[in-house]
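Residue numbers (my numbering), protein chains in the order written: chain S, 1 to 295; chain X, 296 to 781; chain W, 782 to 1061.
Every residue, glycine too, gets a C-beta built ideally from N, C-alpha and C.
Values in this document were obtained by computation on a predicted structure and should not be read as measured data.
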Amino acid sequence: MRKAWNWRFSVQKDILWYLPITILIIFLFIAPVSIMLSNSLHAFNYARPSEIGTYIGVQNYSQALHSEAFFRSIKRLLSFFLITLTAETILAIFLAHILKGIENSRPLLSILLIPTISAPVVVGLLGRFMLNTSFGIIPYVIGLVFGEQITILSEPNLAFIALVIVEIWHWTPLLTLIFYSGLIVLPMDPYDAAKVDGASSWNVFWYITLPMMMPIIVAGVVIRGIDLLKIFDEILVMTGGGPGDATELLNFFIYKLAFRSWNVGQASAIGVLLIGTMLPLTYILFKIIGGGRGN
Amino acid sequence: MCYFKDFRRYVIILLVLVVVFSLYGIVFSTSLEPEAQKMLDAFHENSAVSEFYDQVKAAYDGTTINAIGWTGPQSEGLRNFLPVFTELTGIEVNYETFQFDLVVEKVKMDAVAKAGNYDLEEIPYQDLGWFVENGYLLPFKDFMENDKLRSPILNEDDIIWASWNASSWYDGVCYGHPSVTCTMYLWYRKDLFEDPTEKTNFYVKYGYELAPPKTWKQFREIGEFFTREQGETLAGKVLQRKVYGTAIQGGRNDALTCEWLQYTWSFGGGIFEGGITKKENLIVNSPENVAALDFYKSLLEFSPPGTLEYSYEGPTTAFQQELVVGLCVEWNDQAFGLEDPKNSAVVGKMGYGPVPMEVDLTTQGLSGVSHYGGWTQSISNNSKNPEAAYLFSQWIISPIVQTILAQKKAIAPVRNSTYSVPEVANFPPLAATGPAMADTHYRPRIPEWAEMEEEMRVALSRCLIGELSSQEALDWLYSRYMEILK
Amino acid sequence: MNTYRHNRLNLLKRIMKYSIIGMLVLIILLPYAWLLLDSFKERIDRFAIPPKIFFPPTLNNYLYAFVDGGFFQNMINSLIIALCSTAISLVFGVPAAYAMSVKKSRLGTIILFITIMTRIVPELAIVVPLYNYFNILGLFGKHLGIILAHVLYNIAFVVLLMKNFFEQIPKEINDSGLIDGCTPLNSFLRLSLPLAAPGLAATAIFCIVMSWDEFVYSFILSSESTKTLPVAIPTLITLFGAKWGQATAVSVATMIPVIILAFIIQRALIKGLTSGAVKG
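Now the structure itself:
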């Protein structure tokens, strides 16, 4: 009888439990993505009304791949990604350690979370508001300290750096939280052993903490990395892609293509390319999460 | 388990707050305000008009339409009087407004999806071709000729033809009504130009009278003249901080392309030769254009530090706060802000005049060079209530509404007659609009323009920040345009 | 002598530690303090150079924004959409997460992979077909359209987080239910779900916050009457000058509910993440 139970158990699980989410996925995800795929293979450029709907195969893709602006935005996205992610990770590990050394960390954690749970639009507004040359407080303070009036949002490099800093400010708390929760559950034995051996704190960190934290560091980095590649809201509100095209990262480029130039076909093509490129990341995340029970 | 109790408590508090706010919001429902009542009375004064709206109300009472427009004084002014329209016709209007880029996006999205979510749409005139050639707009002819829909005071001849033609007519067919008559002209500090000390100093330095510039060389010299460090004097007063002679709308946005085109045209340049929008006629990297861009860039020297972040309102705020005390080229509806006592320190001190020319275009029969920038109110071809939408647009451009809005300094009216109304004729920004509209230049209205404009923004911005030279930027733009155009 | 040196070192470390924390708190809170301050300023005070810290405060910005500008309607919209989308996400996602946590099956693996993909897809690429699609179904400008889009946005989180929480429940508890004769459904409802309640609460709060903050889908799929707060903010940056006063007031209003939630969330979230980390 136990066998019969288990068998029924497994069949029921497979279908009924997954049914709601399957419907949801098909309806809300598979359908639009298929439409997007189809769009990418047809001409959907509203600047050329007579051609709309014609099948053009991979022309959208080849046009995108030949577009200089496309590669510039990718290049920018990659450098943004590397700089921000590295900085955030290092900062978060550091902060997690600091937090660990505090007894009642709860109020601090609440405060720490505030930037992360702020709407990206609000964060972008804050950035624009505080970095504004005319009345922003940051250029003013910098002017006082260095004696020179500088403009941040009108300089391409400074605007880019400003975006990086804003993003770090926005999301490091989340990484810190993830790393912190990983840090506080590490077993104490290796540390006791190290203390007995008289190891320096740097060595303790490098040879004990870091390897043990690796899984959670990787998880945090991947989660954060995926979201980082999709950055958009802050750019829209804070810089509008400018000055020049200094803050025009890939997502913003897609937005421009789809909603300003109305070349929906090409935008879909780039979207498809993006999904394809991010599949490896998906796979990594999947391996981490889908590790199952008792890793 | 005690965890849940906490949670519940917070939820209850939140719900209570929501309920309280809801009640607060309901309490603030309005009855017709006194000004709106006055407008309503004006409509009822004319018996023919009154009768017209009575029969309209009988036919359309209870309809609701969705209108979308761009956020500006004209939309905010209009919003206050929407109840009047509802009183007259029984039609409810859901009026959405967004800033420039966003509203264009929403309207185009709606069109592309054939959604019909908006009935009356405000579209910038340069996008007219995009809409018409994709088949998204309904022609106005049938509405205007329909006796049941035609207001006795419609009087099409009174509508400023230059405005209407550019905004709403395409290939000889009318697709809408103009919503505002925006044009660029010269702004200058009239009070400082008339100050004796300044006049003397200027004459000594440059050798001619200080007056609104006729050429760009004069423009630049005046800009240089009024750029002063902290501690120097201006009209007898010692300056507490550095001031600048001019400002440009240098941010990466629509204002930049508009402003630069104004400069280009007055340098004798342009995008298409002779206005013929074909690939072969592209002159976007002509010597005149390069000269215009070089000159435009050179003005950075006399512009405040934030000038590369400025959009349309950048120079406005700068003048309001007397950060810029010289002159610049700007829009007529932006000038409303300068005459607003609440925000501006220069009320009554500004003068408005014609844009300087590099090349004497009077030889070509033009009296000046202004940049027209209006919008059209058009009806989506997926609209479910096109007649009601037409009635709304017709109401907006009725003489009564135009006059009242112009008197409230909310709009640059689209009717010739409104400009003769005393308050309007005495309001400098509007008084200067008439002459500026005599000879205006327009951006290309072809479907490809949206993409072309976006590329132009990038090219100009990159040139201004020094990444590319003028020639390089325009050459790049030329090659992009060759790809974009068929 | 060793202890003396040791104490000195400790003291130094503690000073450093607390000063770093102090700086951290300052860096985090200052921008918000400035935002809050600005929301009470009249326009003249805002543009004053040097920037003012003391000024006559005014409630006008809030009044204009919420009474005249109708932003309070936006707040209600945000609330409705956040609550409904969270509820739907949970209802659809939790069963799947439970099933994935209990037993590895091929279907489960596929669903998990695709669910993760929904997180990877950039919203902008998918929003155009979604818009088209929702229009055909008549969902434009209705709360339901945005709610569904937010469900799409959140479902991955629900599945991942809840799967983690469910995996913490010892397998024996599930099995004991079965042995006692419960149907799998009952075992789930009566045993596993109550045990995972803190995790559920944390996930729910997470979803509410993410939905509250979401911009792209809300902007494209909303109309005037169903706009959410984040969508309302860029509309205040107009060609005629950003209405900074209203913008900061609305930003503050967008922030406050979220901050309240932050104080609730940190307890549950840490608990959830901590116990999850034990398993891997």
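Residue i: contacting residues in chain W (beta-carbon distance under 7 Å)
i: Ala701/X; result: What Ala701/X touches in chain W: nothing, since even the nearest Cβ is about 17 Å away.
i: Lys100/S; result: Going along chain W, no residue has its Cβ under 7 Å from Lys100/S, so there is no contact; the nearest lies around 10 Å.
i: Ala410/X; result: Asn916 and Phe921
For residue i, the residue or residues it bridges with in DSSP
i: Pro419/X; result: Trp670/X
i: Gly648/X; result: Leu481/X
i: Ala1023/W; result: Ile1018/W
i: Asn263/S; result: Asn45/S
i: Pro32/S; result: In DSSP, Pro32/S forms no bridge with anything.
i: Ile363/X; result: Glu391/X and Glu416/X
i: Arg523/X; result: Val538/X
i: Ala97/S; result: Per the sequence shown, residue 97/S should be read as His rather than Ala. His97/S is not bridged to any residue.
i: Trp626/X; result: Met479/X
Alpha-carbon spacing of residue i relative to residue j, whole angstroms
i: Ser820/W; j: Thr392/X; result: 23 Å
i: Leu661/X; j: His472/X; result: 26 Å
i: Ala745/X; j: Pro419/X; result: 11 Å
i: Thr1009/W; j: Thr1029/W; result: 16 Å
i: Gly646/X; j: Phe847/W; result: 37 Å
i: Met732/X; j: Ala457/X; result: 7 Å
i: Ile779/X; j: Ile114/S; result: 45 Å
i: Gly292/S; j: Leu941/W; result: Caution is warranted here: a pLDDT of 39 is assigned to Gly292/S, below 50, making its placement in the model unreliable, and the coordinate value is therefore given only provisionally. Approximately 11 Å, taken between the alpha carbons.
i: Ser870/W; j: Arg900/W; result: 14 Å
i: Thr476/X; j: Leu595/X; result: 29 Å
i: Arg260/S; j: Asn548/X; result: 12 Å
i: Val306/X; j: Tyr255/S; result: 37 Å
i: Gly320/X; j: Val311/X; result: Note that Gly320/X scores a pLDDT of 47, beneath 50, so its modelled location is shaky and nothing firm can be said.
Partners in chain X for residue i, counting only beta-carbon separations shorter than 7 Å
i: Thr133/S; result: Pro600, Gly601 and Glu604
Contact with chain W by residue i, beta-carbon distance below 9 Å
i: Leu397/X; result: yes
i: Val407/X; result: yes
i: Asp189/S; result: no
i: Gln394/X; result: yes
i: Asn638/X; result: yes
i: Thr612/X; result: yes
Chain X contact residues for residue i, given Cβ-Cβ distances below 8 Å
i: Phe836/W; result: What Phe836/W touches in chain X: nothing, since even the nearest Cβ is about 16 Å away.
i: Phe259/S; result: Glu400, Lys403 and Met404
i: Ser1006/W; result: Asn389
i: Pro156/S; result: Ile760 and Glu762
i: Ser262/S; result: The residue you asked about is not Ser; residue 262/S is Trp in the sequence shown. Here the neighbours are Lys403, Val407, Trp425, Ala745 and Glu746.
Proximity test, Cβ basis, 9 Å: residue i and chain S
i: Pro832/W; result: yes
i: Thr572/X; result: no
i: Tyr676/X; result: With the sequence shown as reference, residue 676/X is identified as Asn, and Tyr is not the correct amino acid for it. Asn676/X does not count as touching chain S.
i: Gly851/W; result: no
i: Val753/X; result: yes
Closer than 8 Å at the beta carbon, the chain S residues around residue i
i: Asn913/W; result: Ile35
i: Tyr879/W; result: Trp17
Beta-carbon neighbours of residue i, restricted to chain S and to distances below 9 Å
i: Glu617/X; result: Going along chain S, no residue has its Cβ under 9 Å from Glu617/X, so there is no contact; the nearest lies around 13 Å.
i: Asn721/X; result: Result: empty, since nearest Cβ-Cβ is about 32 Å, beyond 9 Å.
Within chain W, partners of residue i - CB distance below 8 Å
i: Pro49/S; result: Within 8 Å Cβ-Cβ: nothing; Pro49/S doesn't reach chain W, min ~17 Å.
i: Ile254/S; result: Pro903, Leu905 and Ala906
Min CB distance residue i to chain X below 9 Å
i: Ile1001/W; result: yes
i: Phe828/W; result: yes
i: Tyr61/S; result: no
i: Val141/S; result: no
i: Arg971/W; result: no
i: Thr54/S; result: no
i: Pro215/S; result: no
i: Ala1043/W; result: no
Amino acids of chain S, ordered along the chain, whose beta-carbon sits closer than 7 Å to that of residue i
i: Gly874/W; result: Ile21
Using Cβ-Cβ distances below 8 Å, what residues of the segment 355-372 of chain X are close to chain C? Absent here is chain C; the protein component of the structure consists of chains S, X and W.
What residues in the segment 898-928 of chain W bring their beta carbon closer than 7 Å to a beta carbon of chain X? Tyr912, Asn913, Asn916, Phe921 and Gly922
For the segment 784-813 of chain W, enumerate the residues whose C-beta is nearer than 9 Å to any C-beta of chain X, in chain order. none
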